[in-house]
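If you read the sequences in order, they're chains A and B. For the first sequence, counting from 1, position 52 maps to 270 in my numbering; every step adds exactly one. For the second sequence, counting from 1, position 20 maps to 238 in my numbering; every step adds exactly one. Here a beta-carbon is modelled for each residue, glycine too, at the ideal position from N, C-alpha and C. Before any comments, here is the structure.
There are 2 protein chains.
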Amino acid sequence: MKQTLQMVLGLNLREIRISRALSQEQFADLLGFHRTYMGGVERGERNLTLVSLEKIADALAIDPVTLLKPSPANQ
Amino acid sequence: MKQTLQMVLGLNLREIRISRALSQEQFADLLGFHRTYMGGVERGERNLTLVSLEKIADALAIDPVTLLKPSPANQ
């Protein structure tokens with residue numbers, strides 16, 4: 219099945235969060251979103267806007283386009 | 219100035235539309251959006267969601283991630 223952008227984004231964010239040894243709550247605080255919202259993003263349930271995607275990428279100091287590319291670890 | 223994702227998307231879509239020799243109206247019809255909405259997208263004024271981005275990419279048979287990468291023609 220083709221992965222949606224929401225799913226790819228969620229998997230990539232979870233990978234980044236774990237690589238930085240952050241809890242979901244710490245990660246949400248860092249990004250300026252509510253914990254339950256970020257949980258939904260990680261599960262690929264949230265249809266984010268481009269502005270929200272940029273806000274997350276800026277907070278992580280990552281290129282937003284990279285966040286939408288399937289990670290080899292998640293294939 | 220850093221280009222926003224909205225601006226990059228708009229420029230890329232305009233480039234694709236022109237390369238396919240389509241009017242804004244024809245392009246909007248192809249993508250299933252209203253002409254005035256697509257005009258706003260091309261001008262980088264619309265904060266699209268990931269689902270809308272995928273819908274556009276599918277209609278154009280293009281990888282959605284490509285649509286968010288700055289095109290060399292638009293630097």
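Count the other C-beta atoms from every protein chain shown that fall within 10 angstroms of the C-beta of A/V259, then say buried if there are 16 or more, exposed otherwise.
-> In the first sequence, residue 259 of chain A corresponds to position 41, counting from 1. By the 10 Å Cβ count, A/V259 comes out buried.
- Query: What is the DSSP secondary structure of A/T222, counted as helix, strand or coil?
  - Reply: On the first sequence, position 4 is the one that residue 222 of chain A refers to. Annotated three-state conformation of A/T222 is coil, per DSSP.
With a threshold of 7 Å between beta carbons, is A/T267 in contact with chain B?
Position 49 of the first sequence, counting from 1, holds the residue named residue 267 of chain A. Yes, because at least one Cβ of chain B sits closer than 7 Å to the Cβ of A/T267.
| query | Any residues in the region 240–257 of chain B with a beta carbon nearer than 8 Å to a beta carbon of chain A? Which ones, in chain order? | reply | So nothing in the stretch comes that close.
- Task: Starting from B/S270, trace the alpha helix (DSSP H) both ways and give me its first and last residue.
- Result: Position 52 of the second sequence, counting from 1, holds the residue named residue 270 of chain B. It spans 268–278 - the alpha helix (DSSP H) in which B/S270 sits, taken as one unbroken run.
- Taking 6 Å as the line, does the beta carbon of A/L271 fall inside it for any heavy atom of the ligand ZN? The ligand content of the structure shown is nil, which means the ligand ZN is not present either.
Three-state secondary structure (DSSP) at A/T259? To locate residue 259 of chain A, count along the first sequence from 1; it is residue 41. The amino acid occupying residue 259 of chain A in the given sequence is Val; Thr does not appear at that position. Looking at A/V259 - three-state DSSP - the assignment turns out to be helix.
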